[in-house]
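In the numbering used here, the protein residues as written are 26 to 192. All C-beta atoms, glycine included, are put in the ideal place defined by N, C-alpha and C. Shown next, in structure tokens, is the structure this report addresses.
Rendered as structure tokens:
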């Protein structure tokens with residue numbers, strides 16, 4: 026099951042149909058689905074941003090949020106306070122709303138107004154070029170390393186590969 030197929034399961038049927046009709050043959054290039062309350066559906070397909078004519082209702086946004094939280098928003102409170110929830114398949118959902126701060130810490134996010142869903146993709150072989158510079162082959166440990174790159178340059182895939190190699 027692809028990342029997009031997994032993500033679509035969390036969305037109301039009206040949104041699913043709208044997304045599918047807007048991506049056409051570009052299914053393997055979709056990177057983000059942006060749901061903003063009472064605003065046009067926004068899709069990031071490769072380097073392009075597509076604004077659909079479809080207006081996402083607050084109800085659709087909240088239905089999606091509840092399904093992402095498996096109808097138990099309280100049990101996801103910690104992740105919500107971090108600003109995103111990781112769902113099946115490694116897909117991530119960024120959350121926008123009004124933060125409630127106590128003692129310098131976010132303790133809740135109220136009035137959810139936007140969800141940004143990033144579609145996870147596995148990039149086979151993305152870590153091979155840098156593996157020897159990061160792992161000490163004699164001790165099978167990682168050198169002190171900071172991985173920096175622009176968006177969509179497979180940082181998470183590289184980290185996952187290293188974790189698998191070290192296990």
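Checklist entry - Going along the chain, which unbroken runs of the beta strand (DSSP E) with 3 or more residues stay wholly within the segment 100 to 176? => result Along the length of the segment 100 to 176, whole beta strand (DSSP E) runs at least 3 residues long occupy 109 to 111, 117 to 127, 130 to 143, reported in chain order.
Next on the checklist: On the CB-based measure, 16 or more other CB atoms within 10 Å of its CB, does residue 69 come out buried or exposed?
Outcome noted: The count along the chain shown starts at 1 and reaches residue 69 at position 44. By the neighbour-count criterion, in which 16 or more other beta carbons inside 10 Å mark a residue as buried, residue 69 falls on the buried side.
Next on the checklist: Whole angstroms are fine: how far does the CA of residue 154 sit from the CA of residue 169?
Outcome noted: For this step, residue 169 is matched to residue 144 along the chain shown. For this step, residue 154 is matched to residue 129 along the chain shown. When only Cα atoms are considered, residue 169 and residue 154 end up about 17 Å apart.
Checklist entry - Are residue 144 and residue 134 touching if we call contact CB-CB under 7 Å? => result Here residue 144 is taken as the residue at index 119 of the chain shown, counted from 1. Here residue 134 is taken as the residue at index 109 of the chain shown, counted from 1. The Cβ-Cβ distance between residue 144 and residue 134 does not fall below 7 Å.
Item to check | For residue 30, three-class secondary structure by DSSP | outcome: The count along the chain shown starts at 1 and reaches residue 30 at position 5. Residue 30 falls in the helix class under three-state DSSP.
Item to check | Contact under 7 Å by Cβ, residue 122 with residue 137 | outcome: Here residue 122 refers to the residue found at position 97 when the chain shown is read from its first residue. Here residue 137 refers to the residue found at position 112 when the chain shown is read from its first residue. Cβ atoms of residue 122 and residue 137: closer than 7 Å.
Checklist entry - In the structure shown, what three-state DSSP assignment does residue 43 receive? => result Mapped onto the chain shown, residue 43 falls at position 18. Here residue 43 sits in helix by DSSP.
Item to check | Within 7 Å, strictly: CB atoms of residue 200 and residue 89 | outcome: This structure cannot settle anything about residue 200, because the visible part of the chain is limited to 26 through 192.
Next on the checklist: What does the alpha-carbon distance come out to for the pair residue 93 and residue 163?
Outcome noted: Counting from 1 along the chain shown, the entry for residue 93 is found at position 68. Counting from 1 along the chain shown, the entry for residue 163 is found at position 138. Each residue's alpha carbon lies about 43 Å from the other.
Checklist entry - What does a CB cutoff of less than 6 Å around residue 59 pick up in its chain, not counting 5 residues either side in sequence? => result Locating residue 59 in the chain shown gives position 34, counting from the first residue. 67, 141, listed in sequence order.
Checklist entry - Closest to residue 127 by CA distance: which of 106, 115, 97, 158 is it? => result Along the chain shown, read from residue 1 onward, the residue named residue 127 stands at position 102. Relative to the Cα of residue 127, the nearest Cα in the group 106, 115, 97, 158 belongs to 106.
Checklist entry - Based on Cα-Cα distance, which residue from 87, 72, 65 lies nearest to residue 80? => result Along the chain shown, one-based indexing puts residue 80 at 55. Residue 65 holds the alpha-carbon nearest to the alpha-carbon of residue 80 among 87, 72, 65.
Item to check | Neighbourhood of residue 111 by C-beta, 6 Å cutoff - its chain only, sequence neighbours within 5 removed | outcome: Here residue 111 corresponds to residue number 86 of the chain shown, with the count starting at 1. Excluding sequence neighbours, residue 111 sits near 117.
Next on the checklist: Considering only the alpha carbon of each residue, which of 102, 33, 61 lies closest to residue 86?
Outcome noted: Position 61 of the chain shown, counting from 1, holds the residue named residue 86. Of the candidates 102, 33, 61, 61 places its Cα closest to the Cα of residue 86.
Next on the checklist: So for residue 95, helix, strand or coil by DSSP?
Outcome noted: Residue numbering aside, residue 95 sits at position 70 when the chain shown is read from its first letter. Three-state DSSP puts residue 95 in coil, outside helix and strand.
Item to check | Three-state secondary structure (DSSP) of residue 60 | outcome: Translated into the one-based positions of the chain shown, residue 60 becomes position 35. Here residue 60 carries a strand assignment [DSSP, helix/strand/coil].
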